[in-house]
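Everything on this sheet refers to the single structure shown next.
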Amino acid sequence: PPVKAKVPDIGGSNVTNVTLNYNPGLTGWQQVAMTFEPASGKYIGDIPQQPAGTIVWYYVSADNA
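This is the structure:
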């Protein structure tokens, strides 16, 4: 399933460039842009399917204007 994240706008500036950073099997960090889903108010991004048993580390980062 996709990763969904609520990214609050703290400080009154606009949230931009929300990125899902992931590292499958400790092979190196990769990035995918997340898109805003108006219906849920969350950003959504997909980590590509990995082989069974792969541990995937991930975090979400964002910039503000």
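Our numbering applies: residue 2 is where the sequence shown begins, and numbers increase by one.
C-beta: ideal position from N, C-alpha, C; glycine also.
Keep in mind the model is a prediction, meaning the values are calculated, not measured.
Here P49 carries a coil assignment [DSSP, helix/strand/coil]. With at least 16 other beta carbons inside 10 angstroms of its own, V19 counts as buried. Here the C-alpha atom of V8 lies approximately 21 Å from the C-alpha atom of N24.
Around the beta carbon of G26, fewer than 16 other beta carbons lie within 10 angstroms, which makes this residue exposed.
Its Cα nearest to that of G46, the residue V61 stands out among V61, G54, P52, A66.
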